[in-house]
Amino acid sequence: MLFSEIIGQEEVKNKLRSFVETGRIPHAILLHGKEGTGKLPLCIAFAQYLCCQHKTNGDACGKCPSCQQIAKLSHPDLHFVFPFSKGKAATCDALMETWRENFIGHKGYFTFDQWSNLLGDKQLTIYTSEGSEILRKLSLKSYAADFRIMIIWQPEKMQTECANRILKTLEEPGERTIFLLVSEHPELMLTTILSRTQQIAVPVIGDEELKRQLTTEFNVESDSEADELVRISGGSYTALLENIENENTNNENFELFVHIMRLTYKRSIAEIREWTELVCKKGRPEQLQFLQYAQKMIRESFMYNFHQKELNYLTQKESQFLVRFAPFIHETNVYGLMDELTLAEQHIAQNVNSKMVFFDLACRIMILIKKKRE
Numbered sequence: 040m041l042f043s044e045i046i047g048q049e050e051v052k053n054k055l056r057s058f059v060e061t062g063r064i065p066h067a068i069l070l071h072g073k074e075g076t077g078k079l080p081l082c083i084a085f086a087q088y089l090c091c092q093h094k095t096n097g098d099a100c101g102k103c104p105s106c107q108q109i110a111k112l113s114h115p116d117l118h119f120v121f122p123f124s125k126g127k128a129a130t131c132d133a134l135m136e137t138w139r140e141n142f143i144g145h146k147g148y149f150t151f152d153q154w155s156n157l158l159g160d161k162q163l164t165i166y167t168s169e170g171s172e173i174l175r176k177l178s179l180k181s182y183a184a185d186f187r188i189m190i191i192w193q194p195e196k197m198q199t200e201c202a203n204r205i206l207k208t209l210e211e212p213g214e215r216t217i218f219l220l221v222s223e224h225p226e227l228m229l230t231t232i233l234s235r236t237q238q239i240a241v242p243v244i245g246d247e248e249l250k251r252q253l254t255t256e257f258n259v260e261s262d263s264e265a266d267e268l269v270r271i272s273g274g275s276y277t278a279l280l281e282n283i284e285n286e287n288t289n290n291e292n293f294e295l296f297v298h299i300m301r302l303t304y305k306r307s308i309a310e311i312r313e314w315t316e317l318v319c320k321k322g323r324p325e326q327l328q329f330l331q332y333a334q335k336m337i338r339e340s341f342m343y344n345f346h347q348k349e350l351n352y353l354t355q356k357e358s359q360f361l362v363r364f365a366p367f368i369h370e371t372n373v374y375g376l377m378d379e380l381t382l383a384e385q386h387i388a389q390n391v392n393s394k395m396v397f398f399d400l401a402c403r404i405m406i407l408i409k410k411k412r413e
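Reading the sequence shown from the start, the letters are residues 40 to 413 in our numbering.
Here it is as structure tokens:
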């Protein structure tokens, strides 16, 4: 992957280039920030630039054997560690083909949820045994490059013993050995790991860069449509892709949400039963999506009351609805509503009877929605 293929992030690219150009390369770098901002692609581009045999104009050539191997994530001196399920594999190496296909298919821009959905397990971890694998790989001599590079994606998912096991090597790695860590939640990492890295905050992607991507990649020519998609994506390319792919689903969920909120306010039991029947005709994945969407709308409604537009990520249609709806969501009922929606999501995921779940949820919303602000 080339620096030129990464959306925006010129300041971070320049910082990474300067490490190579000055010869002052930190032995451990932590890139952290919001998901979808290009942290992992930046690591790959840095590794490729570092190992490229014919650097040109501040970027890798993309043609030498080293560049071609790194672009395919198959370079023998480039190693990866990522969360996985013990039920799927014993080590990360056993999942490397899946990792490569996922990375290349998403051009490096994917989320932890997408990875965990691919593996069919939400509880992914970097196990203690992987710490031994890291030490083993870094004890080997480099094969084809001047550097050995270890990329750890989501280091906050490391078991404590795993993190402790690599601590000494992270602090004093072998000659020309570099750790690149990619995190969305560095506050969850061990402070002993954090203190041994040079931290680089990766900001959200600028609106203009995302808008340019919409024009070149998706042929979105309407300024108003592009502006809305960029605004609700919050500087994340993965969120932008999600919003494009799920536009029809979001519209359906919006209509369902508006309908049930109006029915619970009216306390129309007969119509609530009809709404329940409608939702229950959908499959469980669609029901879960609706419940997640409803949680988002409750959060957005609560934040809307602060009258700070930068805190909200809403479509024009959602914003228009919240003008009248948001005042009903306040400190007295917001936690209760979120708890009920979360519980319903858990029950649907556990295959509890959906008619019981959604009718019970509607009845509880009916009580909470008219709860007076204290």
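Even glycine gets a Cβ: it sits at the ideal position worked out from N, Cα and C.
**Request:** Can you say whether Asp378 is buried or exposed, counting buried as having 16 or more other CB atoms within 10 angstroms of its CB?
**Result:** Label assigned to Asp378: exposed.
**Asked** Just the Cα atoms here: how many angstroms apart are Thr137 and Glu210?
**Response** Distance between the alpha carbons of Thr137 and Glu210: 31 Å.
**Asked** What is the DSSP secondary structure of Gln237, reduced to helix, strand or coil?
**Response** Note: Gln237 maps to strand in three-state DSSP.
**Three-state secondary structure (DSSP) of Phe186** = Note: Phe186 maps to coil in three-state DSSP.
**Prompt:** What are the partner residues of Phe218, as DSSP defines its beta bridges?
**Reply:** As computed with DSSP, Phe218 is found in a beta bridge with Ala67 and Met189.
**Prompt:** Taking contact to mean at least 3 C-beta pairs separated by less than 8 Å, is the region 368-383 in contact with the region 289-307?
**Reply:** Not touching, per the Cβ criterion.
**Message:** So, at 6 Å on beta carbons, what are the nonlocal neighbours of Glu172 in its own chain, with the 5 sequence-adjacent residues on each side left out?
**Reply:** Same-chain partners within the cutoff: Thr130.
**Asked** Quick one: is Leu174 buried, meaning 16 or more other Cβ sit within 10 Å of its Cβ, or exposed?
**Response** So Leu174 counts as exposed.
**Asked** From Gly75 to Pro225, what does the alpha carbon distance come to, in whole angstroms?
**Response** C-alpha separation (whole angstroms): 16 Å.
**Prompt:** Using the C-alpha atoms, what's the distance from Arg235 back to Ala365?
**Reply:** Cα to Cα, the separation comes out at about 45 Å.
**Request:** Report yes or no: do the region 180-196 and the region 43-54 share at least 3 C-beta pairs separated by less than 8 Å?
**Result:** Of all C-beta pairs linking the region 180-196 to the region 43-54, fewer than three are shorter than 8 Å, placing the two stretches out of contact.
**Cα-Cα separation, Gly47 to Arg306** = So the alpha carbons of these two residues sit roughly 50 Å apart.
**Asked** Taking 7 Å as the cut-off, does the CB of Gln193 come closer than this to any heavy atom belonging to the ligand PLP?
**Response** This structure does not include the ligand PLP; it has no bound ligands of any sort.
**Message:** Contact defined as beta carbons within less than 8 Å: I believe Gly147 pairs with Ile232. What is the distance between those atoms, to the nearest angstrom?
**Reply:** Distance from Gly147 to Ile232 at the Cβ level is roughly 23 Å; contact not present, criterion being Cβ atoms closer than 8 Å.
**Asked** Can Ser275 and Leu69 be called in contact, C-beta distance under 8 Å?
**Response** No, these two residues do not count as a Cβ contact at 8 Å.
**Prompt:** Is His298 helix, strand or coil by DSSP?
**Reply:** When secondary structure is reduced to three states using DSSP, His298 falls in the helix class.
**Asked** Does the Cβ-Cβ distance between Leu327 and Ala401 come in under 8 Å?
**Response** With contacts defined by Cβ atoms closer than 8 Å, Leu327 and Ala401 do not form a contacting pair.
**Asked** Run through DSSP, which three-state label would Ile41 get?
**Response** Note that residue 41 is Leu in the sequence shown here, rather than Ile. Look at Leu41 here: in three-state DSSP terms it is coil, with no helix or strand label.
**Prompt:** What residue ranges within the region 103-135 form continuous beta strand (DSSP E) runs of no fewer than 3 residues, ordered along the chain?
**Reply:** Complete beta strand (DSSP E) runs here, min 3: 117-120.
**Prompt:** Quick one: what's got a C-beta closer than 7 Å to Val396's C-beta in the same chain, skipping five residues either side?
**Reply:** Answer for Val396: Ala383, His386 and Ile387, listed in chain order.
**Three-state secondary structure (DSSP) of Met228** = Met228: coil per DSSP, three-state reduction.
**Request:** Return the chain-ordered list of same chain residues with a C-beta closer than 6 Å to the C-beta of Glu310, the five sequence neighbours on each side being excluded.
**Result:** Cβ neighbours of Glu310 within its own chain (closer than 6 Å, five residues either side excluded): Leu302.
**Message:** Using a 10 Å radius around the Cβ and a threshold of 16 neighbouring Cβ atoms, would you call Arg204 buried or exposed?
**Reply:** The residue is buried, with at least 16 neighbouring Cβ atoms inside 10 Å.
**Item:** Distance between Ser178 and Asn282 (C-alpha atoms, nearest Å)
**Value:** One C-alpha to the other measures close to 44 Å.
**Message:** With a threshold of 8 Å, are at least 3 pairs of Cβ atoms found where one atom belongs to the region 155-174 and the other to the region 116-132?
**Reply:** Yes, the region 155-174 touches the region 116-132.
**Request:** My understanding is that Ile217 touches Ile109, with C-beta atoms under 8 Å, so please give their C-beta distance in whole angstroms.
**Result:** Actually they are not in contact, since the Cβ atoms of Ile217 and Ile109 sit about 13 Å apart, beyond 8 Å.
**Prompt:** Among all the DSSP beta bridges, which residues are the ones paired with Thr150?
**Reply:** Residue pairing from DSSP leaves Thr150 without any beta-bridge partner.
**Element boundaries [alpha helix (DSSP H), containing Glu248]** = Where Glu248 is concerned, the enclosing alpha helix (DSSP H) stretches over Asp246 to Phe257.
**Message:** Considering only the alpha carbon of each residue, which of Ser272, Pro115 and Phe149 lies closest to Tyr182?
**Reply:** Selected option, being the one with the closest Cα: Pro115.
**Coil, strand or helix - Asp160 by DSSP** = Looking at Asp160 - three-state DSSP - the assignment turns out to be coil, as it is neither helix nor strand.
**Same chain, Cβ closer than 8 Å to Phe151, five either side skipped, listed in chain order** = Non-local C-beta neighbours of Phe151 in its own chain, meaning closer than 8 Å and more than five positions away in sequence, comprise Glu74, Pro122, Leu163, Gln193 and Glu223, ordered along the chain.
**Asked** Straight-line CA distance for Lys78 to Glu313?
**Response** Distance from the CA atom of Lys78 to the CA atom of Glu313, rounded to whole angstroms, is 46 Å.
**Item:** Boundaries (first-last residue) of the alpha helix (DSSP H) holding Arg403
**Value:** Counting along the chain, Arg403 sits inside the alpha helix (DSSP H) bounded by residues Ser393 to Ile408.
**Item:** Where Thr371 falls: helix, strand or coil (DSSP)
**Value:** Three-state DSSP puts Thr371 in coil, outside helix and strand.
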